[in-house]
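Engineer: Just so you know, we're using the working numbering here: the first sequence kicks off at 2 and counts up by one. Here a beta-carbon is modelled for each residue, glycine too, at the ideal position from N, C-alpha and C. My questions will all concern the structure given below.
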Amino acid sequence: MTTTKLPEALQASLLQWYHAHRRKLPWREDPQPWHVMLSELMCQQTRIATVLPYYDRFLERWPTVQDFAAAPEEQVMSAWAGLGYYRRARNLHAAAKEAAARGGIPSTKAELLELPGIGPYTAGAIASIAFGEPVAAVDGNVERVLTRLHGYADNPRRAAGKRWLEARALELTGPGVAGDVTQALMELGATACSPRNPSCGACPWSEHCDAARMEDPSSLPALPARRKPVLTPMVAGVCRDDDVVFLARRAPGLFGGLWEPPCEPVSQGESPEDALRRVFRERLGRRIEVGRRVGEVRHQLTHRDLRVQVFEVTVQPTRRPPSAEGYVEQGYHGATKDLGLSRLAEKVLHLTDEAPPLWVAAAPATT
DNA sequence: AAGTCGGGGAT
DNA sequence: ATCCCAGACTT
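Take a look at the structure:
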């Protein structure tokens, strides 16, 4: 058994393993900058399997970054709906516009860092994979692989840990292999070096790995325990008129830019009915009558446990509201809807009607 | 440094 | 039920 960690030897065994075990992923077939940029933004905090159908749809609809930059934001949000972390969609759109204006996607990590939504990891990933720049790209996979390899027992999420990880990743890459090193490190973390039960027998670094010799390799990385989601009582008001539903667009923040039957938290000591009237008055400047309670929708987020009391409400007017107030009428069919709804909004609508054939949408406050 | 921001698959 | 995923941004 050896404890050496020569970067050259580690790189060689890593690349050999990668060439034998790399998965076929759509953005690996033709890793041009737009493909890599799109995949990396979508993959932030999101599993590959979840991303795949979205990636294919985006690329089919917007084959080039110029196509995407020219798309209306409404279509972007609609296409992103269901993928989560919706600020990513706006950031991607803004970044694509900047890139198109500059004549193309920047080719260095330093320049990529200037684009909205592109941080240290994503900039490193695009620069190395699409342009071959030998830079570090430390995501959750790489963090896990490298803390285990080196027996790094401190919290790697702190500033010192991040600097240390960047340095360890950087010493493993080099000219001509940058893209493969980046993807190999992530591939290792996504397969053999898994969070719960790592398969050290399948890892090319097991002979060099500190964690592999520990009683519990999965004890690294040493991440702080996360807090339980905060129970958040909410209320939603669904106003239907035959085949029409009243929707509003959310401001930046939670579900920012998406459409929904108005839905907000209930304040302390406030009744759901009062909250509903308050929300429609403050957010939309409308008086409503609260009808029957339809039921409750639960929606789990990382930091919140949303419990939404859903009511039928009456808004005047519902159908054919004055265009002067900025209303938009949208046909709704599963294949042609072009408004983005969160999963939560879909649950709320599903509670009151299986398939609303038509939506009327109230235009938003500007976002 | 801590909090915010989705959704879902794996265990 | 719990964890955490090809993280970035705001406070």
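Excluding sequence positions up to five away, which residues of its chain have a Cβ less than 7 Å from the Cβ of residue 93?
Structural biologist: Start at 1 with the first residue of the first sequence, and residue 93 comes out as number 92. The residues are 42 and 118.
Engineer: With distance defined between alpha-carbon atoms, name the residue in 339, 155 and 130 nearest to residue 174.
Structural biologist: For the purposes of this step, residue 174 is identified with residue 173 of the first sequence, where counting begins at 1. Minimum Cα distance to residue 174 is reached at 130.
Engineer: Taking the DSSP output, what are the residues bridged to residue 235?
Structural biologist: In the first sequence, the residue the question calls residue 235 occupies position 234. Looking at the DSSP assignment, residue 235 forms a beta bridge with 266 and 309.
Engineer: Please work out which residues of its chain come closer than 8 Å, Cβ to Cβ, to residue 15, disregarding the five sequence neighbours upstream and downstream, and give them in chain order.
Structural biologist: For the purposes of this step, residue 15 is taken as the residue at position 14 of the first sequence. Contacts found: 173, 182, 185, 186, 189, 205 and 206.
Engineer: What number of angstroms, rounded off, separates the C-alpha of residue 270 from the C-alpha of residue 281?
Structural biologist: Against the first sequence, residue 270 aligns to sequence position 269. Against the first sequence, residue 281 aligns to sequence position 280. Using only the alpha carbons, I get a separation of about 18 Å.
Engineer: Specify, as a first and last residue, the run of the beta strand (DSSP E) that residue 209 falls within.
Structural biologist: Here residue 209 refers to the residue found at position 208 when the first sequence is read from its first residue. No beta strand (DSSP E) holds residue 209; DSSP gives it neither H nor E.
Engineer: State the Cα-Cα distance for the pair residue 19 and residue 351, rounded to the nearest angstrom.
Structural biologist: Locating residue 19 in the first sequence gives position 18, counting from the first residue. Locating residue 351 in the first sequence gives position 350, counting from the first residue. In a straight line, the C-alpha of residue 19 is about 45 Å away from that of residue 351.
Engineer: Counting pairs of Cβ atoms below 8 Å between the stretch 251-268 and the stretch 341-349, do you hit three or more?
Structural biologist: Because the criterion of three Cβ pairs below 8 Å is met, the stretch 251-268 and the stretch 341-349 touch.
Engineer: Should residue 225 go down as buried or exposed, given a rule of 16 or more other Cβ atoms within 10 Å for buried?
Structural biologist: Position 224 of the first sequence, counting from 1, holds the residue named residue 225. So residue 225 counts as exposed.
Engineer: Distance check for residue 112 and residue 99, CA to CA, integer angstroms please.
Structural biologist: For the purposes of this step, residue 99 is taken as residue 98 along the first sequence, with counting starting at 1. For the purposes of this step, residue 112 is taken as residue 111 along the first sequence, with counting starting at 1. Straight-line Cα distance between these residues: approximately 11 Å.
Engineer: Along the chain, where does the alpha helix (DSSP H) that runs through residue 69 open and close?
Structural biologist: Counting from 1 along the first sequence, the entry for residue 69 is found at position 68. Counting along the chain, the alpha helix (DSSP H) containing residue 69 begins and ends at 66-70.
Engineer: Within a Cβ cutoff of 7 Å, which residues of the same chain sit near residue 59, ignoring the five residues on either side of it in sequence?
Structural biologist: Locating residue 59 in the first sequence gives position 58, counting from the first residue. Here the set comprises 39 and 80.
Engineer: Look up residue 189 in the DSSP assignment and give the residues it is bridged to.
Structural biologist: Here residue 189 refers to the residue found at position 188 of the first sequence. Looking at the DSSP assignment, residue 189 forms no beta bridge with any residue, so it has no partner.
Engineer: Looking at residue 144: is its Cβ nearer than 8 Å to the Cβ of residue 196?
Structural biologist: Within the first sequence, residue 144 is the residue found at index 143, counting from 1. Within the first sequence, residue 196 is the residue found at index 195, counting from 1. The answer is no: Cβ separation not under 8 Å.
Engineer: Tell me whether the beta-carbon of residue 296 lies closer than 8 Å to the beta-carbon of residue 311.
Structural biologist: Along the first sequence, read from residue 1 onward, the residue named residue 296 stands at position 295. Along the first sequence, read from residue 1 onward, the residue named residue 311 stands at position 310. Yes, Cβ-Cβ distance for residue 296 and residue 311 is below 8 Å.
Engineer: How long is the line joining the alpha carbons of residue 208 and residue 12, rounded to whole angstroms?
Structural biologist: Here residue 208 corresponds to residue number 207 of the first sequence, with the count starting at 1. Here residue 12 corresponds to residue number 11 of the first sequence, with the count starting at 1. So the alpha carbons of these two residues sit roughly 14 Å apart.
Engineer: Can you say whether residue 54 is buried or exposed, counting buried as having 16 or more other CB atoms within 10 angstroms of its CB?
Structural biologist: Counted from its first residue, the first sequence places residue 54 at position 53. Its Cβ having fewer than 16 others within 10 Å, residue 54 is exposed.
Engineer: Distance check for residue 148 and residue 192, CA to CA, integer angstroms please.
Structural biologist: Mapped onto the first sequence, residue 192 falls at position 191. Mapped onto the first sequence, residue 148 falls at position 147. When rounded, the distance between both Cα atoms is 16 Å.
Engineer: Please go through the same chain and pick out, in chain order, the residues whose beta-carbon is closer than 8 Å to the beta-carbon of residue 89, but skip the five residues on each side of it.
Structural biologist: Within the first sequence, numbered from 1, the residue matching residue 89 stands at position 88. Excluding sequence neighbours, residue 89 sits near 42, 43, 45, 81 and 118.
Engineer: Please classify residue 140 as buried or exposed, where buried requires at least 16 other C-beta atoms within 10 Å of its C-beta.
Structural biologist: Within the first sequence, residue 140 is the residue found at index 139, counting from 1. The residue in question, residue 140, is buried, as its Cβ has 16 or more Cβ neighbours within 10 Å.
Engineer: Just reading off the beta strand (DSSP E) that residue 249 is part of, what are its end residues?
Structural biologist: Position 248 of the first sequence, counting from 1, holds the residue named residue 249. Where residue 249 is concerned, the enclosing beta strand (DSSP E) stretches over 245-250.
Engineer: Going by other Cβ atoms of all chains shown within 10 Å of its Cβ, with 16 needed for buried, is residue 321 buried or exposed?
Structural biologist: In the first sequence, counting from the first residue as 1, residue 321 sits at position 320. In this prediction, residue 321 scores a pLDDT of 48, lower than 50, which makes its location untrustworthy; no coordinate-derived value is stated.
Engineer: Report the CB separation of residue 428 from residue 211 in whole angstroms; it is logged as a contact under 8 Å.
Structural biologist: The structure shown does not extend to residue 428, since the chain spans only 2 to 368, so no value can be given for it.
Engineer: If the criterion is Cβ atoms closer than 8 Å, does the pair residue 97 and residue 122 meet it?
Structural biologist: For the purposes of this step, residue 97 is identified with residue 96 of the first sequence, where counting begins at 1. For the purposes of this step, residue 122 is identified with residue 121 of the first sequence, where counting begins at 1. No, the Cβ-Cβ distance between residue 97 and residue 122 is not below 8 Å.
Engineer: Look at the alpha carbon of residue 101 and the alpha carbon of residue 35, and state the distance between them as a whole number of angstroms.
Structural biologist: What you label residue 101 is simply residue 100 of the first sequence in a count that begins at 1. What you label residue 35 is simply residue 34 of the first sequence in a count that begins at 1. For residue 101 and residue 35, the distance between alpha carbons rounds to 11 Å.
Engineer: Just mark residue 250 as buried or exposed, buried being the case when its beta carbon has 16 or more other beta carbons within 10 Å.
Structural biologist: Position 249 of the first sequence, counted from the first residue, corresponds to residue 250. Buried, since its Cβ has 16 or more Cβ neighbours within 10 Å.
Engineer: Out of 124, 87 and 286, which has the shortest C-alpha to C-alpha gap to residue 37?
Structural biologist: Within the first sequence, numbered from 1, the residue matching residue 37 stands at position 36. Ranking the options by Cα distance to residue 37, first place goes to 124.
Engineer: Just to confirm, is the Cβ distance from residue 284 to residue 263 under 8 Å?
Structural biologist: Stepping through the first sequence from its first residue, residue 284 is reached at position 283. Stepping through the first sequence from its first residue, residue 263 is reached at position 262. Closer than 8 Å, so yes.
Engineer: Would residue 7 be called buried (16 or more neighbouring beta carbons within 10 Å of its own) or exposed?
Structural biologist: Reading the first sequence from its first residue, position 6 is the one you call residue 7. Its Cβ having fewer than 16 others within 10 Å, residue 7 is exposed.
Engineer: Is residue 27 near the ligand FMN - that is, is its Cβ less than 7 Å away from at least one heavy atom of it?
Structural biologist: The model depicted lacks the ligand FMN and carries no ligand whatsoever.
Engineer: Please classify residue 232: is it buried, with 16 or more other beta-carbons within 10 angstroms of its beta-carbon, or exposed?
Structural biologist: Sequence index remark: in the first sequence, residue 232 carries index 231 (1-based). Exposed, since its Cβ has fewer than 16 Cβ neighbours within 10 Å.
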